[in-house]
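Numbering (full-length UniProt numbering), first residue to last: 1 to 552.
Using N, Cα and C, we set each Cβ at its ideal position, and we do this for glycine too.
Here is the structure we will look at, set down as structure tokens.
Right, here's the structure in full:
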């Protein structure tokens with residue numbers, strides 16, 4: 001069955017803050033052009049979630065600066081930025097105690113005056129409304145599955161995934177082929193470790209000459225707490241326990257409106273011990289007295305997980321290639337020291353849109369948007385990321401030394417130091433053999449403060465049609481047992497926060513096998529990043545499937 005096709009001036013793959021900002025900026029510029037008697041610009045945005053925001057997960061405390069540049073009257077338009085940050089607390093935790101860092105010692109990146117505690121999913125839903133009001137065509141439930149190239153090798157668009165395939169790859173009774181969406185320029189905004197973005201970086205060698213990316217996994221829950229424990233505007237960040245001082249990790253509590261508290265824990269995926277479980281660390285984290293006190297008597301209402309690209313400016317790939325660009329977290333625009341990325345995503349999308357509009361005005365198509373990296377280099381975004389570039393490398397040297405040295409750089413030099421620290425080893429290569437490490441005994445969940453994986457996945461509203469091809473591909477099906485289990489005690493059982501990977505041993509004592517429960521997948525991409533042999537490749541399932549996050 002032949003694919004149908006549709007053509008646009010610009011196609012955007014991904015409905016997060018970067019993709020939506022790019023769409024809005026393009027149509028703003030087009031409206032100005034039309035008012036002067038010029039031509040309009042057609043813009044299409046697709047997203048693999050069932051609705052815009054369904055797959056969006058972030059902390060999040062948002063710097064509204066980039067949003068104010070894009071939509072200056074966002075307050076009048078009732079943007080869902082309701083709770084302004086009023087107090088910052090940074091705590092270093094021991095197993096039972098906590099030491100609060102005096103405010104005057106905190107680097108500026110830990111000050112949140114003027115920022116807002118938000119649900120990024122709800123902000124994206126609102127941005128989508130603004131984009132549609134400007135004439136952007138938005139199609140949720142359509143996953144970008146394949147990059148399309150023209151005869152010269154430039155990107156000319158994407159094909160959406162086929163629907164109605166059966167588990168063996170054959171066409172079921174409800175089969176529908178994907179569509180070809182063609183454009184003069186395609187912007188990829190799929191978020192961290194984007195499936196197509198990863199392919200583009202390999203195909204066009206966009207990572208040559210840059211540091212390996214450094215990743216983390218963020219696990220988040222939303223709690224409804226007792227009214228007397230709610231402190232809207234309170235921002236708490238923690239370091240230390242339950243992680244050891246050599247392993248990067250930290251937690252947060254953000255108090256929103258309506259007695260809601262966002263709580264989360266981030267673990268750097270450079271960890272060495274294959275017995276470490278980020279999910280279990282998050283559950284253990286909540287039992288600390290300084291964290292538990294906010295949650296007791298409350299109710300957990302949502303759960304999710306997402307990888308984070310935190311390597312900094314020295315890990316950014318080349319941003320452009322013939323026919324398009326990487327924006328937002330598909331390129332890794334995130335300021336890890338500020339624990340913020342949404343303002344970076346919005347600005348990167350806006351800059352790429354401006355470069356696109358200029359190219360379209362010059363009647364160009366499918367060439368390289370060289371103006372985008374030039375605009376980035378001249379922007380406040382570049383300056384901010386440059387000043388923060390040593391955060392992750394310093395923290396990789398240990399909690400205490402890293403915290404001291406980064407604070408010193410920021411307080412004395414504002415980040416403008418004459419040295420740049422580098423990442424040299426990718427995260428997946430840092431895992432040690434299990435024989436060299438100590439197993440970690442995690443406490444059983446109590447069902448009140450701490451929980452198991454399956455009850456957590458239930459709260460993510462994750463759904464995948466079971467009779468479809470598995471979207472988690474093994475390059476070599478023998479590796480999980482012959483290498484991962486034998487050498488690392490199957491770490492995929494622990495780094496996955498959704499119980500997707502399971503080593504099954506039958507009652508008759510037959511050989512162990514890896515079972516992939518793909519229907520549990522929350523699309524965090526951790527397996528694609530941390531698998532020690534890079535044997536797992538995450539690809540998109542049928543459009544609209546995966547988590548359906550409310551207020552995350």
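Determine the closest residue to residue i out of the options, with distance taken between C-alpha atoms.
| i | options | result |
| --- | --- | --- |
| residue 338 | 61, 33 and 174 | 61 |
| residue 553 | 89, 542, 94 and 95 | Given that the chain is displayed from residue 1 to residue 552, the structure contains no residue 553 and the question cannot be resolved. |
| residue 17 | 290, 73, 490 and 121 | 121 |
| residue 235 | 329, 257 and 446 | 257 |
| residue 192 | 68, 401, 124 and 306 | 306 |
| residue 393 | 311, 36 and 222 | 311 |
| residue 540 | 144, 86, 80 and 78 | 144 |
| residue 255 | 246, 231 and 243 | 231 |
| residue 27 | 41, 14 and 15 | 41 |
| residue 280 | 146, 316, 289 and 243 | 243 |
| residue 526 | 491, 542 and 48 | 491 |
| residue 69 | 460, 346 and 479 | 346 |
| residue 45 | 57, 64, 141 and 2 | 141 |
| residue 65 | 420, 340 and 414 | 340 |
| residue 611 | 351, 386 and 384 | Not covered by the structure: residue 611. The range shown for the chain is 1 to 552. |
| residue 190 | 416, 12, 391 and 381 | 12 |
| residue 131 | 119, 157, 85 and 71 | 71 |
| residue 415 | 477, 421, 433 and 386 | 386 |
To which residues of the same chain is residue i closer than 7 Å at the C-beta, ignoring the five residues directly before and after it?
| i | result |
| --- | --- |
| residue 294 | 225, 229, 253 and 261 |
| residue 517 | 499, 500 and 502 |
| residue 324 | 155, 185, 186, 187 and 188 |
| residue 410 | 107, 108 and 109 |
| residue 317 | 201, 206, 207, 210, 326 and 331 |
| residue 167 | 467, 468 and 469 |
| residue 50 | 140, 141, 544 and 548 |
| residue 355 | 369, 371, 372 and 375 |
| residue 219 | 264, 265, 278, 279, 282, 305 and 497 |
| residue 288 | 93 and 241 |
Measure from the C-beta of residue i to each C-beta in chain D and report whether the shortest distance is under 8 Å.
| i | result |
| --- | --- |
| residue 402 | Included in the structure is just one protein chain, with no chain D present. |
Over the uninterrupted beta strand (DSSP E) stretch that includes residue i, give me the two end residues.
| i | result |
| --- | --- |
| residue 300 | 299-309 |
| residue 46 | 43-47 |
| residue 75 | No beta strand (DSSP E) contains residue 75, which DSSP labels as neither H nor E. |
| residue 142 | From DSSP, residue 142 is part of no beta strand (DSSP E); its letter is neither H nor E. |
| residue 173 | 171-176 |
| residue 90 | 87-93 |
| residue 538 | 536-538 |
How would you label residue i, buried or exposed, when you count the other beta carbons within 10 angstroms and need 16 or more for buried?
| i | result |
| --- | --- |
| residue 471 | buried |
| residue 241 | buried |
| residue 153 | exposed |
| residue 388 | buried |
| residue 436 | exposed |
| residue 400 | exposed |
| residue 208 | exposed |
| residue 488 | buried |
| residue 116 | buried |
| residue 251 | buried |
| residue 99 | exposed |
| residue 3 | exposed |
| residue 515 | exposed |
| residue 133 | exposed |
| residue 175 | exposed |
Can you name, in chain order, every residue of its own chain whose Cβ lies under 6 Å from the Cβ of residue i, other than the five neighbours on each side?
| i | result |
| --- | --- |
| residue 74 | 67 |
| residue 221 | 263, 300 and 303 |
| residue 505 | 512 |
| residue 162 | 177 and 178 |
| residue 268 | 216 and 248 |
| residue 406 | 391 and 394 |
| residue 246 | 398 |
| residue 30 | 40 and 41 |
Once the 5 residues before and after residue i are set aside, which same chain residues still bring their CB inside 8 Å of it?
| i | result |
| --- | --- |
| residue 364 | 184 |
| residue 291 | 238, 251, 253, 263 and 285 |
Looking at the secondary structure, which residues open and close the alpha helix (DSSP H) in which residue i lies?
| i | result |
| --- | --- |
| residue 394 | 391-395 |
| residue 28 | 17-35 |
| residue 278 | 278-285 |
| residue 275 | Element bounds for residue 275: n/a, residue is neither H nor E. |
| residue 155 | Residue 155 -> not in any alpha helix (DSSP H); beta strand (DSSP E) instead, spanning 155-160. |
| residue 203 | 195-203 |
Touch check for the region 517-535 and the region 468-484: three-plus C-beta pairs under 8 Å? As far as the Cβ criterion goes, the region 517-535 touches the region 468-484, which means the pair count is three or higher.
Contact between the region 487-500 and the region 513-532 (3+ Cβ pairs under 8 Å): Flag = yes, the region 487-500 and the region 513-532 touch.
Taking 8 Å as the threshold, find out whether the region 263-282 comes into contact with the region 195-207 through three or more Cβ pairs. Here the region 263-282 does not lie against the region 195-207, with fewer than 3 beta-carbon pairs under 8 Å apart.
Do the region 35-49 and the region 362-380 meet, that is, are 3 or more Cβ pairs less than 8 Å apart? No, the region 35-49 is not in contact with the region 362-380.
Below 8 Å, can you find three or more Cβ-Cβ pairs linking the region 172-187 to the region 2-18? Under the three-pair Cβ rule at 8 Å, the region 172-187 counts as touching the region 2-18.
Do the region 414-434 and the region 21-30 meet, that is, are 3 or more Cβ pairs less than 8 Å apart? Cβ pair count under 8 Å is below three, so no.
I want to know whether the region 429-449 touches the region 540-551 - three or more CB-CB distances under 8 Å. No, the region 429-449 is not in contact with the region 540-551.
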